[in-house]
Amino acid sequence: MNATTLVTPLATYRNETPYPFCPGCGHNLILDQLNQALVKLEIDPAKVVLVSDIGCSGLSDQYFGTSAFHGLHGRSVTYASGIKLARPDLKVVVIMGDGGTGIGGTHLLNAARRNLGLTVLVFNNLNFGMTGGQHSTTTPAGAITATTRGGNLERPLDVCASVAVNGAGYVYRGTSWDKDLADRIAEAIAGETFALFDIWELCTAYYVPNNHSSRKELLATMDGLGFATGILAHRQAPEYAADTNVTKPDALLLLTAEGAKKCGRHLAAMGPADRVFALPGLVFARTAAPVTMIDPGRAGKDSLALAATAAMLNQLGLFPIEALEEAVRRKTLGVMGSPA
Amino acid sequence: MRELIDGSTAIVRGALAAGCDFFAGYPITPASSILTAMMSELPKVGGVAIQGEDEISSIGMCIGAAMAGSRALTATSGPGLSLYSENIGLAIMGEVPLVIVDVQRLGPATGGATTTAQSDVQFVRWGTSGGFPIFALAPSSIQECAELTSEAFRLAQRFRCPVFLMTDKELNLTLNTVEMGDGNGTAGPSIPGTAGAAEPGRPYRYEPPDGMPPLVPYGGEATVRFTGSSHDERALITKDPLTVGALNRHLAAKIEDHRAEIERVIADLEPGAHTLFVSYGSTARTMREAVRRARQAGRKVSAITVQSLWPVPETALAAALGSGVERVVVAELNLGQYCREIERLTDLPVFGLHRVDGELLTPEQFLETLEELA
Numbered sequence: 000m001n002a003t004t005l006v007t008p009l010a011t012y013r014n015e016t017p018y019p020f021c022p023g024c025g026h027n028l029i030l031d032q033l034n035q036a037l038v039k040l041e042i043d044p045a046k047v048v049l050v051s052d053i054g055c056s057g058l059s060d061q062y063f064g065t066s067a068f069h070g071l072h073g074r075s076v077t078y079a080s081g082i083k084l085a086r087p088d089l090k091v092v093v094i095m096g097d098g099g100t101g102i103g104g105t106h107l108l109n110a111a112r113r114n115l116g117l118t119v120l121v122f123n124n125l126n127f128g129m130t131g132g133q134h135s136t137t138t139p140a141g142a143i144t145a146t147t148r149g150g151n152l153e154r155p156l157d158v159c160a161s162v163a164v165n166g167a168g169y170v171y172r173g174t175s176w177d178k179d180l181a182d183r184i185a186e187a188i189a190g191e192t193f194a195l196f197d198i199w200e201l202c203t204a205y206y207v208p209n210n211h212s213s214r215k216e217l218l219a220t221m222d223g224l225g226f227a228t229g230i231l232a233h234r235q236a237p238e239y240a241a242d243t244n245v246t247k248p249d250a251l252l253l254l255t256a257e258g259a260k261k262c263g264r265h266l267a268a269m270g271p272a273d274r275v276f277a278l279p280g281l282v283f284a285r286t287a288a289p290v291t292m293i294d295p296g297r298a299g300k301d302s303l304a305l306a307a308t309a310a311m312l313n314q315l316g317l318f319p320i321e322a323l324e325e326a327v328r329r330k331t332l333g334v335m336g337s338p339a
Numbered sequence: 000m001r002e003l004i005d006g007s008t009a010i011v012r013g014a015l016a017a018g019c020d021f022f023a024g025y026p027i028t029p030a031s032s033i034l035t036a037m038m039s040e041l042p043k044v045g046g047v048a049i050q051g052e053d054e055i056s057s058i059g060m061c062i063g064a065a066m067a068g069s070r071a072l073t074a075t076s077g078p079g080l081s082l083y084s085e086n087i088g089l090a091i092m093g094e095v096p097l098v099i100v101d102v103q104r105l106g107p108a109t110g111g112a113t114t115t116a117q118s119d120v121q122f123v124r125w126g127t128s129g130g131f132p133i134f135a136l137a138p139s140s141i142q143e144c145a146e147l148t149s150e151a152f153r154l155a156q157r158f159r160c161p162v163f164l165m166t167d168k169e170l171n172l173t174l175n176t177v178e179m180g181d182g183n184g185t186a187g188p189s190i191p192g193t194a195g196a197a198e199p200g201r202p203y204r205y206e207p208p209d210g211m212p213p214l215v216p217y218g219g220e221a222t223v224r225f226t227g228s229s230h231d232e233r234a235l236i237t238k239d240p241l242t243v244g245a246l247n248r249h250l251a252a253k254i255e256d257h258r259a260e261i262e263r264v265i266a267d268l269e270p271g272a273h274t275l276f277v278s279y280g281s282t283a284r285t286m287r288e289a290v291r292r293a294r295q296a297g298r299k300v301s302a303i304t305v306q307s308l309w310p311v312p313e314t315a316l317a318a319a320l321g322s323g324v325e326r327v328v329v330a331e332l333n334l335g336q337y338c339r340e341i342e343r344l345t346d347l348p349v350f351g352l353h354r355v356d357g358e359l360l361t362p363e364q365f366l367e368t369l370e371e372l373a
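One line per chain: the protein sequences are A and B, in this order. For the first sequence, numbering that gives the first Met the number 0 assigns the number 0 to the initial residue and increments by one for each residue that follows. For the second sequence, numbering that gives the first Met the number 0 assigns the number 0 to the initial residue and increments by one for each residue that follows.
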């Protein structure tokens with residue numbers, strides 16, 4: 000989006016369809032906060048992709064007027080990664096449950112490690128809601144679920160600590176009732192780092208009746224586990240997709256008619272800050288980059304490319320011209336790769 | 000130009016010629032050289048290449064990138080293909096243009112990483128829940144590696160579906176001196192879908208059933224929806240039997256109803272021949288050498304190299320099967336996976352020539368078979 004694009008602020012990013020979730024389900028609350036965050040950011044809905052996982056929260060994207068991707072269980076972060084790598088300018092928000100967090104754990108860790116600029120919202124209701132209330136990787140020890148009738152024997156995963164220690168730029172833990180959740184989500188989406196939100200909430204269909212759980216109980220469980228809340232990590236680090244995505248050359252040297260013909264795409268993409276160098280007489284596509292003609296002088300066919308590279312280097316100062324001279328000397332002496 | 004080159008290099012050239020600008024893959028012998036080459040080559044043309052944390056993430060990233068407008072490629076071998084399975088289903092359901100190179104090795108399981116085989120012929124066809132059709136091309140030479148990779152991209156774009164390039168360890172890792180064309184794989188013109196212009200809010204089409212909905216990538220003017228669940232034309236989840244039935248019939252029809260136009264075989268039919276050899280991939284090279292020797296010895300023999308494995312090129316095969324031959328020999332490096340496809344097309348006796356010990360079939364084995372059946 001360039002600076003002159005006018006964006007009409009939207010009052011909502013929701014569509015007209017009411018949420019399908021159970022009465023009291025936390026998903027309703029979190030999605031409203033996500034909507035508020037998008038409203039606050041005034042983003043073009045076509046520049047936002049909601050990537051949803053599987054489970055009740057996987058239905059979420061259908062209630063928004065943004066772009067959306069609904070894929071396979073646990074793999075949402077991989078699709079989001081592909082979208083972000085291909086189009087670093089898009090805002091990619093992942094919605095996954097605690098189920099997706101468990102099965103897709105490696106994808107979460109690796110996206111965090113790369114610091115790929117995704118915003119991941121974990122709708123953590125401590126059990127599998129859609130399939131009948133089985134335990135997940137975040138179910139607290141002792142909790143009753145369909146698959147832990149005598150109480151869960153396993154320690155719950157600290158998803159925040161896992162991604163934070165592996166490089167996530169922004170990490171937040173809270174609940175679906177947090178008053179500042181929309182602001183925090185907006186802050187993360189606006190930022191260009193990997194962000195993860197571990198948002199605890201109630202599953203009124205299974206977890207609440209099985210465990211007599213409530214908002215107060217949830218907070219007590221969190222406290223008992225020693226799980227801190229609020230912003231747990233917030234650091235600036237190079238964002239992976241933008242950092243690695245080279246969409247056009249900064250400089251282009253055109254030597255042959257065949258090469259010039261192949262570079263049409265690059266020439267079209269280059270702007271006034273870029274530089275094109277060319278030998279006289281070559282025909283090439285229109286470009287916004289300033290073009291400098293290089294006089295080949297007395298360079299013969301064998302040394303033309305080298306002479307032109309030297310001439311370009313002289314003007315760009317990408318690295319010292321002496322380095323090129325030294326490289327040529329070593330090549331001529333046949334000692335390339337060994338110290339002088 | 001004559002060059003010393005292997006199949007992996009030719010595949011990379013074919014992909015670049017076809018405008019490939021995204022690659023994600025995970026190291027696996029014998030497909031790793033495609034990964035390493037793409038990691039070097041794609042940044043030079045403004046593309047993105049990444050090594051995923053596993054095969055699941057690699058194909059997942061390719062699917063995401065493809066829906067964001069990239070021409071995506073991935074490459075793996077049997078064990079990795081097993082991990083691709085769930086996402087192959089997603090690519091079929093979400094109508095994702097994607098090229099998957101399967102450099103086959105000996106299975107099952109880890110099998111033999113450096114031993115060749117043609118082990119995945121039925122796996123790629125039936126490797127996902129629902130058993131929906133896909134395209135699979137099988138080059139039998141280094142030049143075809145480049146050419147058919149480009150063709151795979153064309154088919155993927157046109158039909159919005161995963162397209163497999165089935166090679167094997169020998170084809171990818173053995174250096175050959177060959178005459179490579181200028182194009183190194185020629186990107187045929189991209190043929191538009193047949194379901195009309197893109198419509199905002201309607202990313203999928205089931206009418207006509209064999210029509211391809213135009214792909215609108217993420218990040219344009221309009222919002223775009225994608226889903227891997229049973230969906231209506233707006234990509235909203237539905238259980239409505241009429242809609243779901245139309246969707247699933249469309250996914251089959253868009254490939255099955257166009258099977259005739261993408262048939263690719265190299266037919267070498269000799270009048271008066273009693274035996275027809277059928278093969279594909281590296282085994283077809285052995286077959287062609289055996290045919291040359293047989294004819295040198297005065298024997299009449301016919302041969303057909305199948306380049307489009309899926310859908311089965313039934314018209315071209317029927318012509319070869321009806322050319323007056325009395326028997327068919329299907330040669331492959333598995334225990335008869337493609338043999339069954341030939342058997343269902345003919346009343347002629349069909350014999351299998353197989354090898355599953357990690358070695359190639361030899362021309363002598365073909366010639367012995369010819370003698371035994373005479």
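Built from N, CA and C at the ideal position, the CB exists for glycine as well. Predicted model, so just to flag it, every value in this text is computed and none were measured.
Exercise. Taking Cβ to Cβ, would you say Asn-151 (chain A) is nearer than 8 Å to Glu-200 (chain A)?
Worked result: no
Exercise. Can you name the residues of chain D whose CB is closer than 7 Å to the CB of Cys-160 (chain B)?
Worked result: In summary, chain D is missing from the structure at hand, where the protein chains are A and B.
Exercise. Can you list the residues of chain A that Val-95 (chain B) reaches, using a CB-CB cut of under 7 Å?
Worked result: The premise fails here: Val-95 (chain B) is roughly 10 Å from chain A at the closest Cβ pair, so nothing lies under 7 Å.
For this session: Could you tell me the distance, in whole angstroms, from the CA atom of Phe-276 (chain A) to the CA atom of Asp-20 (chain B)?
Result: 25 Å
For this session: Look at the Cβ atom of His-230 (chain B), then the Cβ atom of Thr-237 (chain B), and state whether they are nearer than 8 Å.
Result: yes
Problem set entry | For Thr-75 (chain B) and Gly-116 (chain A), the rounded distance between their alpha carbons | 27 Å
Problem set entry | Other residues of its chain near Gln-117 (chain B): CB distance less than 7 Å, five sequence neighbours each side excluded | Gln-103, Asp-167, Gly-280, Thr-282, Glu-331, Leu-332 and Asn-333
Exercise. If the cut is a Cβ gap below 9 Å, which residues of chain A does Ser-85 (chain B) touch?
Worked result: Reading off the sequence, residue 85 (chain B) comes out as Glu, not Ser. In chain order: Leu-71, His-72 and Arg-74.
Problem set entry | Range of the contiguous beta strand (DSSP E) that encloses Ser-278 (chain B) | 274-278
Problem set entry | Alpha carbon of Lys-330 (chain A) to alpha carbon of Ala-304 (chain A), nearest angstrom | 15 Å
For this session: Tell me Ile-198 (chain A)'s beta-bridge partners as DSSP assigns them.
Result: A:Phe-122 and A:Gly-173
Exercise. Excluding sequence positions up to five away, which residues of its chain have a Cβ less than 7 Å from the Cβ of Ser-84 (chain B)?
Worked result: Gly-126 and Thr-127
Exercise. Is it the case that the Cβ atoms of Ile-10 (chain B) and Cys-144 (chain B) are separated by a distance below 8 Å?
Worked result: yes
Exercise. Taking only beta-carbon atoms, is Asp-88 (chain A) less than 8 Å away from chain B?
Worked result: yes
Exercise. Considering only C-alpha positions, which residue in the set B:Thr-113, B:Leu-80 and B:Ile-4 is nearest to Thr-28 (chain B)?
Worked result: B:Thr-113
For this session: Could you name the residues of the same chain whose beta carbon sits closer than 7 Å to that of Gln-121 (chain B), not counting the 5 residues immediately before and after it, in chain order?
Result: Gln-336
Problem set entry | 7 Å Cβ shell around Leu-366 (chain B) - same chain, five flanking residues per side excluded | Ala-289, Arg-292 and Ala-293
Exercise. Is Ile-33 (chain B) helix, strand or coil when you go by DSSP?
Worked result: helix
Problem set entry | Buried/exposed call for Ile-320 (chain A), threshold 16 Cβ in 10 Å | exposed
Exercise. Between Val-162 (chain A) and Val-93 (chain A), which are expected to be in contact by the criterion C-beta below 8 Å, what is the C-beta distance as a whole number of angstroms?
Worked result: About 12 Å separates the two Cβ atoms, so there is no contact after all.
Problem set entry | Under the three-state DSSP convention, the category Arg-328 (chain A) falls into | helix
Problem set entry | Selection of the stretch 214-246 of chain B by Cβ proximity to chain A, strictly under 9 Å | Pro-216, Tyr-217, Gly-218, Gly-219, Glu-220, Ala-221, Thr-222, Val-223, Arg-224, Phe-225, Thr-226, Gly-227, Ser-228, His-230, Ala-234, Leu-235 and Ile-236
Problem set entry | Separation of Ala-197 (chain B) from Phe-68 (chain A), as counted between CA atoms | 18 Å
Exercise. Do you know how far the Cα of Glu-178 (chain B) is from the Cα of Asn-1 (chain A)?
Worked result: In this prediction, Asn-1 (chain A) scores a pLDDT of 45, lower than 50, which makes its location untrustworthy; the coordinate-derived value is nonetheless stated afterwards. Rounded to whole angstroms, Asn-1 (chain A) to Glu-178 (chain B) spans 48 Å at the Cα level.
Problem set entry | Distance between Ser-7 (chain B) and Ser-318 (chain B) (C-alpha atoms, nearest Å) | Here residue 318 (chain B) is Ala; the residue named in the question, Ser, does not match the sequence. Answer to the nearest angstrom: the Cα atoms are 33 Å apart.
Problem set entry | Beta-carbon separation (whole angstroms), Leu-98 (chain A) vs Ser-75 (chain A), contact threshold 8 Å | The amino acid occupying residue 98 (chain A) in the given sequence is Gly; Leu does not appear at that position. At roughly 11 Å, the Cβ-Cβ gap does not stay under 8 Å, so Gly-98 (chain A) and Ser-75 (chain A) are not in contact.
Exercise. Nearest-angstrom Cα distance between Ile-188 (chain A) and Pro-87 (chain A)?
Worked result: 13 Å
Exercise. In whole angstroms, what separates the C-alpha of Asp-177 (chain A) from that of Leu-125 (chain A)?
Worked result: 18 Å
For this session: Closer than 9 Å by beta-carbon distance: list the chain A residues that pair up with Leu-89 (chain B), in chain order.
Result: Gly-70, Leu-71, Arg-74 and Tyr-78
Problem set entry | Beta-bridge partners of Val-264 (chain B), as assigned by DSSP | B:Val-305
For this session: With a 10 Å radius around its C-beta and 16 neighbouring C-beta atoms as the bar for buried, classify Met-269 (chain A) as buried or exposed.
Result: buried
Problem set entry | Short-range partners of chain A found in the stretch 345-371 of chain B, where Cβ spacing is below 9 Å | none
Exercise. Would a C-beta distance cut-off of 8 Å place Ile-62 (chain B) and Leu-89 (chain B) closer than the cut-off?
Worked result: yes
Problem set entry | Three CB pairs or more closer than 8 Å across the stretch 56-70 of chain B and the stretch 201-213 of chain B | no
For this session: Sort A:Gly-128, A:Glu-186 and A:Ala-298 by Cα distance to Tyr-206 (chain A) and report the nearest one.
Result: A:Gly-128
Problem set entry | First and last residue of the uninterrupted alpha helix (DSSP H) at Gly-88 (chain B) | 77-92
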